[in-house]
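With my numbering applied, the sequence shown covers 9 to 577.
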Amino acid sequence: MRARKSNRGLTVQAIAGTHVVLLAMHMKKEACSGHMGFAIHRSDHTEGEAYYLRGSKTFHATDPRLVDGSTYSTREHPIQGFTWSDFTAKPGHRYTYRVDALQGAPDALRVFRSVAVAVATETEQGGDHDVFFNRGAAASQEFARRYGSSTSLANAPEDDPRWAWLSRGANEAIHAFVARAVDGDFALRVSAYEFRLASVARALKAAHDRGVDVRILYDGNNNPPDSHGRVFPRDDNRDTAVAAQIDGLCTERVTRPNVKRAPIAHHKFMILLQHGEPVAVLTGSTNFSAGGVFGQSNVVHVADHKAIAQAYLRCWNLIAANTDYRALRTALMALNPAVEGFPRRGTSCVFSPQPTLATLNWYAQLATTTDGGVFMTFPFGMGAPFKEAFRKGKAPLRYALMDKLLPSGLSGARRDAAETEMLQIRKRVENRIAVGSRIATNSFDRWVKEKLSGLNTYVQYVHTKFMLLDPLGRHPVVITGSANFSDASTTSNDENMLVIHGDRRVADIYLGEYMRLWNHYAFREWVSAGAPGAPLQFKHLDVADQWWKQYFGNTARSRQRAYFAGVER
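Okay, here's the thing in structure tokens:
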């Protein structure tokens, strides 16, 4: 939901997702002299609470110097920025946010502009699409405050409260989807790259026991073994199926047995059928593994859409039959939308492998030609067509969220050249790029040590694969699923994507979660870039009347203010 209010020259736009409310403020430059920042007051009409929200920075003169990791009322220590996000919002709640622009001295702040805007957060379940983002940030101040340096998650019991906090509904959504198959009138079809989360395997076993027709495909490719001789993910997949006593329901998907390094069966979807007819599909970026559900950032997306579920069932049947690779590509292309022009309204789906890179180039063309904002995730580096989009695109604001700045496997001169290229892209005023990172002990004054979950080996931070095209426009587009925006995900691997055009609710949810993660990692990357061995000093709030100036003119933050507030730059 979006709402926008103005009063005496102060404009506030609120964009409410499920767990995030984005606030964007705007005032004319000439009104900002002496502006000390924004205090943000929230009334929760669902729970009957009202208070000023809290931030992490203070004025030097009025600093209470609390223990590390503390937060401070924005009425005494305001937000010095024209965009801010409430990450403590809850789904399905009604809120009123009052934004007060403050002037004066740190010990005598007074309100000189004020706007109140009312919004309702979205529910995770609603309409044709249910969207569940996991926390995706075990390396966070909140996790450290809640659980400290607790023992490793790897051996934690299933009732450990950390699991539920990290899942934030993603694990529950998977189990709820399986539970919809209540008896023999229903069937479930599963296609998984990683099938190694015991609780999901047990849930499928329970479904089978109550008469549901359950059939499971998982990646069985003979990939190169690790130092212990184990093949990932095949051997873990096998062990999980055997332990749950459902190995008889499983088929190993081998994409190309005649090649040395086979493409991977990278799907992560389930199809629900009733009376033999497909009625819904669960998809997204989340592997059925502890690392997928509780570790790296991921989304579980449920589409209650019979035509989409039918297309997914056709895909499942094709790969279950181990269709010849060339014939498979041709058959899957027949299920895909036309890859030219703007996507058609409504929801469509895209499957790989495909004969050419036409779909990948279509995504890049959309990113290049979109007039509004572009928001993309890149877990394994930014490919050539998207580098071109981030160099020459029309959008005034382009965001990239990356697990690593460069793909793995580069060394020497190739790595130097790739790093130079990405640095040049980062310097463009239209581009805002954040890379996964965390805060180590004593690296930043007043912040507590952050620990990784220990659940992920290759992708620690950002695993989601989605792009948003002008999400705040009248006709937003969300493209989301299992496929990285890469050559291999287009022409080689088993992959799937949803293309959703015109659903503002879905766009608002995805945008809120995108900015939650982008802000989280942009700050941590900045901290980690500090001089080695020289801890960064706590930066107090500005009292020299300078902070707001970076939000005007031809700057990235000026473009951010204008886009999110919905005003002319």
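Even glycine gets a Cβ: it sits at the ideal position worked out from N, Cα and C.
Which residues mark the beginning and the end of the alpha helix (DSSP H) in which M44 is found? Run containing M44: none; DSSP gives neither H nor E here.
Express the C-alpha separation of A515 and E521 in angstroms, rounding to a whole number. 10 Å
Can you pull the DSSP bridge partners for K258? The sequence shown places Cys at residue 258, not Lys. Assignment of beta-bridge partners to C258 by DSSP yields I224.
So what does DSSP say about Y529, is it helix, strand or coil? helix
What did DSSP end up calling A483 once you bin it into helix, strand or coil? Per the sequence shown, the amino acid found at residue 483 is His instead of Ala. Note: H483 maps to coil in three-state DSSP.
Do you know how far the Cα of R532 is from the Cα of P540? Caution is warranted here: a pLDDT of 46 is assigned to P540, below 50, making its placement in the model unreliable, and the coordinate value is therefore given only provisionally. Those two C-alpha atoms are separated by around 15 Å.
For C357, write down the residues that DSSP places opposite it in a beta bridge. L506
Own chain partners of Q282 with C-beta closer than 7 Å, once the 5 adjacent residues on each side are dropped: D193, F194
Check whether the Cβ atoms of H274 and S490 sit closer than 8 Å, and answer yes or no. yes
Does L336 come out as helix, strand or coil in the three-state DSSP assignment? Helix.
Does the beta-carbon of L431 have 16 or more other beta-carbons within 10 angstroms, so that it is buried, or is it exposed? exposed
Proximity below 8 Å, CB of R261 to CB of P271: Contact: no.
Quick check: what's the CA-CA separation for Y407 versus L460? 24 Å
Test item: CB-CB of S175 and N142 under 8 Å: Going by C-beta atoms, S175 is nearer than 8 Å to N142.
Have a look at F474 and A116 and give me their C-alpha separation to the nearest angstrom. 46 Å
Give the DSSP-derived three-state secondary structure of F136 in the structure shown. Note that residue 136 is Asp in the sequence shown, not Phe. Of the three classes helix, strand and coil, the one that applies to D136 here is coil, per DSSP.
For the pair the stretch 32 to 42 and the stretch 64 to 81, tell me if three or more CB-CB distances fall below 8 Å. no
Measure the C-alpha to C-alpha separation of N295 and S207 and round it to an integer number of angstroms. 13 Å
Could you work out which residue in D227, V186, D217 is closest to F203 when comparing CA atoms only? D227
6 Å Cβ shell around D221 - same chain, five flanking residues per side excluded: A195
At a cut of 8 Å, does the stretch 163 to 178 reach the stretch 290 to 308 through at least three beta carbon pairs? yes
By a C-beta neighbour count over all protein chains shown, 10 Å radius and 16 as the cutoff for buried, is Y59 buried or exposed? With fewer than 16 other beta carbons inside 10 angstroms of its own, Y59 counts as exposed.
Given P232, which residues of its chain have a CB within under 8 Å of its CB, disregarding the five upstream and five downstream residues? Correct list, in chain order: V239, R269.
Hey, V307 and F120: beta-carbon distance below 8 Å or not? no
What span of residues does the alpha helix (DSSP H) with Y320 cover, start to end? 314 to 328
Alpha carbon of L31 to alpha carbon of E438, nearest angstrom: 21 Å
Are there three or more Cβ pairs, one per stretch, closer than 8 Å when the stretch 57 to 71 is compared with the stretch 125 to 134? no
State buried or exposed for K547, treating a residue as buried only when at least 16 other CB atoms are found within 10 Å of its CB. exposed
Thinking C-beta only, is T91 closer than 8 Å to Q568? Contact check for Q568 against T91 passes: the beta carbons are separated by less than 8 Å.
Write down the C-beta distance between K395 and V443 rounded to the nearest angstrom, noting that I regard them as a contact closer than 8 Å. The Cβ separation is near 15 Å, so there is no contact.
DSSP puts R567 in a beta bridge; with which residues? DSSP lists no partner for R567.
Take the Cβ of K400 as the centre, count every other Cβ of all protein chains shown within 10 Å, and call the residue buried at 16 or more, exposed below. exposed
Within 8 Å, strictly: CB atoms of N527 and P387: No Cβ-Cβ contact shorter than 8 Å links N527 with P387.
Presumed contact (8 Å Cβ cut-off) between H27 and K98, rounded CB distance: Indeed they touch by this definition, with Cβ atoms about 7 Å apart.
Give me whichever residues DSSP pairs with V1 in a beta bridge. The question about residue 1 has no answer here: the residues shown for the chain are numbered 9 through 577.
When the Cβ atoms of the stretch 498 to 509 are set against those of the stretch 356 to 371, are three or more pairs found closer than 8 Å? yes
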